[in-house]
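Peer 1: Next up is a structure, given as structure tokens.
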Amino acid sequence: MNKTYEKYYVPAQSPWPIVGAVAMFCIAFGAGHYVIDVSKQQSGFGGWLLLAGFAILIFMLVGWFRNVIDESMAGLYSAQMDRSFRQGMIWFIVSEVMFFMAFFGALFYGRVIAMEWLGGASNNAMTFAILWPDFQPSWPLLKTPGGIETQSMPAWGLPTINTVLLVISSVTLHFAHVGLEKEKRGQLKLFLLLTLLLGAVFLCLQGYEYIHAYRDLGLRLDSGFYGNTFFLLTGFHGLHVTLGAIILLFIFFRVLKGHFTPEKHFAFKAGALYWHFVDVVWLCLFVFVYII
Amino acid sequence: MTNTRCLVWSLPTLFFAASANASTSMPLNMTKGATEISQQVYQLHMTIFWICCAIGAVVFGIMFVSMILHRKARGGQPASFHESTKVEILWTAIPVVILVVMAFPATTTLLAMDDTSAADVTVQITGSQWKWHYKYLEHDVEYFSLLATPREQVANKLAKGENYLLEVDRPLVIPVGKKIRFLMTSDDVIHSWWVPAFAIKKDANPGFINEAWTRVDEPGTYRGQCTELCGKDHGFMPIVVIAKSEEDYLAWIQQEETRIASEKAAEQELLAMNMSMAELMSTGEKIYQGWCVACHQATGMGLPGIFPALKGSELILNDRNGHIDVLVNGRPGTAMQAFGKQLSLKELAAVITYTRNAFDNNTGDTVQAADVFAVQQGKGE
Amino acid sequence: MSAITTEHDDHAHDHKPSGIKRWLFTTNHKDIGSMYLIFALVMFFLGGSMAMVIRLELFQPGMQFVEPHFFNQMTTVHGLIMVFGAVMPAFTGLANWMIPMMIGAPDMALPRMNNWSFWILPFAFLILLLSLFMPGGGPSFGWTFYAPLSTTYSGDSTALFVFSVHIMGISSIMGAINVIVTIWNLRAPGMTWMKMPLFVWTWFITAFLLIMVMPVLAGAVTMVLTDKYFGTSFFDAAGGGDPVLFQHIFWFFGHPEVYIMILPAFGIISAIIPTFARKPLFGYASMVYATASIAILSFLVWAHHMFTTGMPVFATLFFMYCTMLIAVPTGVKVFNWVATMWRGAMTFEVPMMFALAFIVLFTIGGFSGLMLAITPADFQYHDTYFVVAHFHYVLVTGAVFSIIAAAYYWLPKWTGYMYDERLGQLHFWCSLISVNMLFFPMHFVGLAGMPRRIPDYALQFADFNAFISIGGFLFGLSQLIFVWVLVKCARGGVPATAQVWEGAEGLEWEVPSPAPYHTFETPPVIK
Ligand code: HEA
Ligand code: HEA
Ligand code: CUA
Ligand SMILES: [Cu+2]
């Protein structure tokens, strides 16, 4: 190693990106065909290709991260590189925020604009009078203009418990971080584990809520705009919680192996940042999807 | 026109099009149209156009002068100035002023176009793949308007007529001098109703109603087209509007009302009658050519993957009532529309009989208006 | 992995890995840049061939070569390929090659991810192209895929289209993150923000736009997918949705997207004009601010594509005013370029010729854009060939010309050889004349009333369309000259000096030509 100046470590060739690209191909091509197969109730290779894609993706991620971890443990990374990773993570989260914005935007548009217009507001008096004279605009949209009926998901109950759980999990994760920075490994492990548990309980409750919605409330993905936004927003959030939990799980294992120092722990920070982001999304969800 | 003649002619036509004789060549500018609003739009268009030309002349002028004068070949030494806040502010402020000047007439015209109140006649326009439906809200008059250009002309088997692709079987008729309000909507995808002479272009969105209005000064025939990509035959969905004097318009409305009423009466009689195979087949073929070919094709083969073949269709061959049902109720959520609302019983009976026997389907049976009626009333089984 | 630590020593030498592995496994910004550029060129030809199918069918009235349904697929896939497959990857390729060299960085900040972003692209387009061969054909709903044509009424390939756009988007986002982080974090000491070359600045802002809007596109395609296959009704009034909602989401992405395709072009022109005018860029700071203003405004104008959808009039007015405002910062840029030329000492090598053509022709495209912004007039222009003329002026004689200019400008730095100036000039003049034959008459055809996206038209448009098609064929053939120049230059020629152009300034001109495989092992000193 050339140590004469703080050098920016440019990794040599790596097979992982192309493996990752193949994985993306299998996932996209497989998912596309899988969706077509399911919609036509036929069997095809789509589902298998999709699974294969995920398998390759996991293989790639494991390999890639092992490289990164080895390099990091070998001290190849400078403070500047740490900054690169951190900034990369921040911008990635910005892009995630924008992804959720698309769905929140749809929710606002549906509630504040489309629904009112279908009920004759603004320049749509004739829309109401001629096309949907029986429609009564009110949110949650329990009866669509086309006549699909459903029930709403009350905010006080499971969702509130879930909110509390997630908020606490953010706090516990913060304590874990403090533990890491103060070199208190016991605190770190305990609180990280706690965070993971809270996340897992959240997911279970969410799953239970879905069952409740489908079975008891008749609230389904295809129950009109309310059901659409409810399930897509909470669903994508749930996926992100799952992903965040997997990341934290890996970090937990690394902690057990004794990785991370009070100064250098990018992976931990990234995982934590992601978890906090997912938390904030939930708070918005709780307010906009459940409460108002 | 043959390819070579096209080649030979296109060059000179382009350059001399402005002076070429007006009857055959294309107008080179936006139409002034036939309404006050369309004149305003034209004026607006010309104003911005000339402003842009002027700015262009100045900017490109300076640029070309500098390209000619300040070239290295003339031995000049480059200057080194590269900043001036004063100039930057100047050439920020001037465009702002120009834009404000443009915004005024644009705003007034837009507000005028938006005011659909106090109309004399209201017509509901509904687009569907690929035809327009007109409904006069004050009268019992409604009908579909389909492309009238024969498919043979499109396929280059017949010489193309003067109004190739811009002709319909039943035009929209409106009175001159009256404020007409249009309510636009759609039964399937988004279409857009455009008649340049009225400066109206409004999207027909399924499930919503948009409004527009016009007041036409001169009687005449005005042509337009659908301008929102609406699937395969988006290019074959023309609009023809005939503006008539008030008396002519009222006479026409009368005539249509009686026509539609008598057709309805005839429907009732029809239920008791049997039409002959030959009659059904010949009417059916006509209907098929007008209403079905776009999707299911003249050969009845459809387009694999999007429009199913009628030739040899299991449904047609084995399930007579199912066949009638598809025509009457369509397949919700697909491009197959409910033709029960669009065609008369007679026409439905004819086209069903036709598709049962054409394309080697040869089921040999006829479907009568009464059969269709039974399915329509839910008594098919 | 110990292998990497040992290989790492190789960096000290200018050591290129060889064979196919070099390209598959690379982490080198120059290799990746080259792959992006070659991919973009291939896609340009593919998308161009589809445009040739369009022009062939439109050569004469009547249907002669293809079915209307296939025509729609050609239009759609032409638009998608040109936008996502040709112009965007070409700019990313230029960013990869030039940004590290311009700011004195050793490479991109996240080199492995860089390779991943690239390699996703060929797969994404493979999926899109394969879908053309499915029963029912590929996507045929226009590159704007308006619902419900793309949902309830679309063919089976829609699912493939959706997922292919998803992974294209992932690729763009990763590419953009890489650019932003590189610029933010890897500038050599002394390379302050306001010393960065404009190409770097414009790309920085472009990357920001990409990160803000690509996820929104992902959201839009996701909703299309669930509407078509999972029974949601985001875009269906019967379920409480609105087809126009789709357009809002799409154009919230779509309008910034068109600036994504022009801001880097502004950067390129801002590099070329000073070089050949031998005079520093006029108003550097105001150029930076203008770029930023355009980017910010681009989030406030999306509904100018939707004037005919029946929005309430106050919304229409808001979007009209905001759209008109964009002319101001764009004007500042044009004026600054002209002021840079003023009293310079200009020479007219090929990059300069394309840059000059860019300024004139892009401005013409900008003017027609401004006309489109005037709502009442847009009611007449909308969805006619006037719009087609507008966006091809800004995209072909704008974005594509700037990419060609950049290729000529930096080719000697990439290959180490000068390109053939005479062939280059021939390419320029052929392109300039044919491109105007191709797109200028479209203004007239549009004003006379020819809608876009139609496979057949009324007889009055016949002569003009024949002329346009001829222009199109000639423009396509002219691009073969370009390929010839590129191949010739890659194979050899007059060796290029480090500075290449007399008036060129900047870090990239201080390293030898061809640029060594690894530039700036140690950060350079910025004067
Ligand atoms: C690179 C891509 C690019 C760029 C840069 C632009 C730039 C602009 N565009 Fe364009 N546009 C597209 C790509 C682009 N566009 C595409 C692809 C479509 C169609 C999409 C589809 O439907 O498929 C489209 C469509 C489109 C529409 C919708 C038309 C319709 O469908 O009805 C409108 C309407 O406002 C518009 C406006 C503008 C404006 C005002 C600018 C401005 O940014 C232009 C600003 C520049 C200038 C004005 C010139 C220079 C300025 C001066 C010299 C200063 C002085 C000038 C004045 C004060 C007048 N564009
Ligand atoms: C950057 C983007 C970009 C670029 C570079 C181009 C380049 C071209 N475009 Fe395109 N175009 C779009 C973006 C672009 N376009 C978009 C977004 C749409 C809207 C799509 C929609 O409506 O959904 C569109 C739509 C569009 C239409 C309207 C279609 C319709 O409404 O139905 C037409 C019609 O003429 C057209 C033509 C052309 C031509 C002739 C070129 C030429 O410049 C291409 C030149 C290149 C080549 C020809 C390839 C290279 C040469 C060869 C392969 C050699 C052999 C060639 C010969 C046979 C001569 N384009
Ligand atoms: Cu209807 Cu296009
Ligand atoms: Cu735009």
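Protein chains in written order, with the working numbering: chain W, 76 to 367; chain F, -18 to 362; chain A, 12 to 538.
The beta carbon of each residue, even a glycine, is placed where N, CA and C say it ideally should be.
#1: Quick check on DSSP: helix, strand or coil for P146/A?
#2: Is H266/A near ligand 4, going by C-beta to nearest heavy atom under 7 angstroms?
#3: Kindly indicate the opening and closing residues of the beta strand (DSSP E) around A193/F.
#4: Please report the straight-line C-alpha distance between S245/W and D354/W, rounded to a whole angstrom.
#5: I'd like the list of long-range same chain contacts for F174/W, defined as Cβ closer than 8 angstroms, with 5 residues on each side in sequence excluded.
#6: Below 9 angstroms between beta carbons is the criterion; list the residues of the region 304 to 329 of chain W that meet it against any residue of chain A, in chain order.
#7: Kindly indicate if chain A contains any beta-carbon less than 8 angstroms away from that of R312/F.
#8: Could you give the DSSP three-state label for W174/F: helix, strand or coil?
#9: Check the C-beta distance from G57/F over to H51/F and give it rounded, since I have them as a contact under 8 angstroms.
#10: Which parts of the region 253 to 314 of chain F are runs of the alpha helix (DSSP H), unbroken and 4 residues or longer, counting only runs that do not cross its ends?
#11: Thinking C-alpha only, which one of P208/A, S442/A and F493/A is nearest I537/A?
#12: Whose CA, out of E17/F, M7/F and V68/F, lies closest to the CA of V343/A?
#13: Would you tell me roughly how many angstroms separate the C-alpha atoms of K103/F and Y117/F, rounded to the nearest one?
#14: With 8 angstroms as the C-beta to C-beta threshold (strictly closer), list the residues of the region 71 to 87 of chain F near chain A in chain order.
#15: Kindly examine ligand 4 and report whether one of its heavy atoms sits closer than 7 angstroms to the Cβ of H315/A.
#16: Taking A350/F as the reference, give the member of N186/F, A275/F and K245/F with the closest Cα.
#17: Could you check what DSSP says for F310/A in three-state terms: helix, strand or coil?
#18: Is the Cβ-Cβ distance between P177/F and G14/F less than 8 angstroms?
#19: Around the Cβ of R198/A, are there at least 16 other Cβ atoms within 10 angstroms (buried) or fewer (exposed)?
#20: If I measure Cβ to Cβ from F264/A and keep anything under 6 angstroms in the same chain, skipping five residues before and after, which residues do I get?
#21: With a Cβ-Cβ cutoff of 8 angstroms, do A103/W and H177/A count as a contact?
#22: Excluding the 5 residues preceding and the 5 following T12/F in the sequence, name in chain order all residues of the same chain whose CB lies nearer than 8 angstroms to its CB.
#23: Counting pairs of Cβ atoms below 8 angstroms between the region 263 to 272 of chain W and the region 320 to 327 of chain W, do you hit three or more?
#24: Quick one: which residues of the region 203 to 221 of chain W get their C-beta closer than 7 angstroms to a C-beta of chain F? List them in chain order.
#25: Just by C-beta distance, which residues in the region 188 to 200 of chain F are closer than 7 angstroms to chain A?
#26: Would you say D21/A reaches chain W, if we count a Cβ-Cβ gap shorter than 8 angstroms as a contact?
#27: In three-state DSSP terms, what is A509/A?
#28: Under 8 angstroms, with one C-beta from each stretch per pair, do the region 375 to 394 of chain A and the region 232 to 246 of chain A reach the 3-pair mark?
#29: Could you please tell me which residues of the region 250 to 282 of chain A, in chain order, have their CB closer than 8 angstroms to any CB of chain F?
#30: Can you tell me whether Q117/W is buried or exposed, with buried defined as 16 or more other CB within 10 angstroms of its CB?
#31: Assuming L449/A and G482/A are in contact, meaning their beta carbons sit under 8 angstroms apart, how far apart are those beta carbons, in whole angstroms?
#32: Give the DSSP bridge partners of K116/F, in chain order.
#33: Three-state secondary structure (DSSP) at A100/F?
#34: Could you work out which residue in G138/W, G107/W, V113/W and C101/W is closest to S89/W when comparing CA atoms only?
#35: Give a yes or no on whether 8 angstroms exceeds the smallest Cβ distance from L449/A to chain B.
#36: Going along chain F, which residues have a C-beta under 7 angstroms from R464/A?
Peer 2: Taking the definition as stated:
#1: coil
#2: yes
#3: N191 to T195
#4: 7 angstroms
#5: F311
#6: T304, F306, L307 and F311
#7: no
#8: Shown here, W174/F sits in a strand according to DSSP, grouped into three states.
#9: 6 angstroms
#10: 258 to 268, 274 to 277, 295 to 299 and 301 to 310
#11: Out of P208/A, S442/A and F493/A, P208/A has the C-alpha closest to the C-alpha of I537/A.
#12: Comparing alpha carbon positions, the residue from E17/F, M7/F and V68/F closest to V343/A is V68/F.
#13: Just to set this straight, residue 103/F is Thr in the shown sequence, not Lys. One C-alpha to the other measures close to 6 angstroms.
#14: W72, T73, P76, V77, L80, M83, A84 and A87
#15: Flag set: Cβ of H315/A near ligand 4.
#16: Scanning N186/F, A275/F and K245/F for the CA closest to the CA of A350/F turns up K245/F.
#17: coil
#18: yes
#19: When all chains shown are included, R198/A counts as buried.
#20: V224, V227 and L228
#21: yes
#22: S19, Y23, P177 and A178
#23: With the cut-off at 8 angstroms, the region 263 to 272 of chain W and the region 320 to 327 of chain W touch.
#24: Flagged, chain order: I205 and L206.
#25: Listed by position along the chain: G188, F189 and N191.
#26: Residue placement at D21/A cannot be trusted, given a pLDDT of 40 that sits under 50; the coordinates are not used to answer.
#27: coil
#28: no
#29: Taken in chain order, the members of the region 250 to 282 of chain A whose beta-carbon sits within less than 8 angstroms of a beta-carbon on chain F are D253, P254 and V255.
#30: exposed
#31: 3 angstroms
#32: Q105/F and E123/F
#33: coil
#34: G138/W
#35: Among the chains of the structure shown, chain B does not appear; the protein chains present are W, F and A.
#36: Chain F residues near R464/A: L210 and H215.
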